[in-house]
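Below: one structure, written as C-alpha cells.
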Amino acid sequence: MDNLFQTINRIISSPYWMLSVYVLLFCAVVLWLVLVFWTLKDARKRVDDPVIVGVAVLCSLLLPYIGTLIYAILRPAEYLADARERELEMRAMEQELHTLRACPSCGEIIRPDFLACPSCRRPLRTACPSCDRVLEPGWKLCPYCAHDLKARRVAPPVESPPGLAEAQQLQQVPQQQ
Ligand SMILES: [Zn+2]
Ligand SMILES: [Zn+2]
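Going by numbering that gives the first Met the number 0, the sequence shown opens with residue 0, and the numbers climb by one from there.
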C-alpha cells in the first residue's frame, strides 16, 4: 500500500503531471469554445429569431458541454434554407396547378399538351402542320419550327364565353354521373 502511495506521489509531483493537467484543461477549454461557436453557427442556420439564437449561445457558454447538448436536442430539425426551398417548391406546384386549365365543356383537367378533351372529346387546340407540336389557339406562327400558320390557317377551337361554359358544364355534370 505504501508503495502505491509513493508511486502516485511521485507521479503527481513530477513536472510532466502538471504539464499534462494543463494540456488537458487547455483542450477542454478549446472544445468548450468550439462548441459555443458551433452553436452560434448552427442556430443561425436553423432559427430566424436572433433572441433565440442568443439564448442558445448563452446556454452553450454558461453550461459548458451540457448547454450545447441541450441545444442539440431542442434545435429545429430543418435548416431555414431547406424550409424556404420547400415553401418555394410548394408555391411552384400550386402555380402549376393553377396553370392547368379545365375543359370549358366538362371541367376535366386539361394538360398543356392536350389537343382535345379526353373526357368529352371537345377539340381544344391544333397541332402544327409542319412539326406536329401542340399550338395554342391564337398563335400566328409555330414557335417550335417557325411555320407560318397564316399560310394554311387551321381553324382554332371555338372558345365559348366563360358564363356559357359554366352553364354547359353544369348541364353536363348530371349526364356524366
Ligand atoms: Zn371536356
Ligand atoms: Zn411547327
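All residues carry an ideal CB built from backbone N, CA and C; glycine is no exception.
From a predicted model like this one, the values you see are computed outputs, not experimental measurements.
Residues near residue i in its chain [Cβ-Cβ closer than 6 angstroms; skip 5 each side]
i    : result
P173 : Annotation note: pLDDT 47 at P173 (below 50); position unreliable, coordinate value reported separately. Closer than 6 angstroms at Cβ, skipping near neighbours: no residue.
L99  : I108
W31  : P63
Ligand 1 heavy atom lying under 7 angstroms from the CB of residue i
i    : result
R121 : yes
C144 : no
C130 : no
C105 : yes
C116 : yes
Cβ-Cβ distance between residue i and residue j below 8 angstroms
i    : j    : result
E134 : R124 : Before going further, note that residue 134 is Leu rather than Glu in the sequence given. A contact, by the Cβ cut-off of 8 angstroms.
A91  : Y70  : no
L34  : T67  : yes
L140 : D131 : no
R74  : D41  : yes
Residues of its chain near residue i, where Cβ-Cβ distance is below 8 angstroms and the 5 sequence neighbours each way are ignored
i   : result
L79 : K44, R45, V46 and D47
V52 : L39, A42, R43 and V46
Neighbourhood of residue i by C-beta, 7 angstroms cutoff - its chain only, sequence neighbours within 5 removed
i    : result
C116 : C102, S104, C105, E107, I109 and L123
M17  : none
A126 : L114, R132, V133 and L134
S59  : L34, V35, T38, G66, T67 and Y70
K149 : K139
S12  : none
Proximity test, residue i beta-carbon vs ligand 2 heavy atom, cut-off 7 angstroms
i    : result
C102 : no
Check: residue i C-beta below 7 angstroms from any heavy atom of ligand 3
i   : result
W37 : As far as ligands go, the structure on display features ligand 1 and ligand 2 and does not contain ligand 3.
ask   = Which full runs of the alpha helix (DSSP H) of 4+ residues lie inside the region 28-80, going along the chain?
value = 49-61 and 65-73
task = Mind listing, in chain order, the continuous alpha helix (DSSP H) runs of no fewer than 4 residues lying wholly within the region 106-134?
result = none
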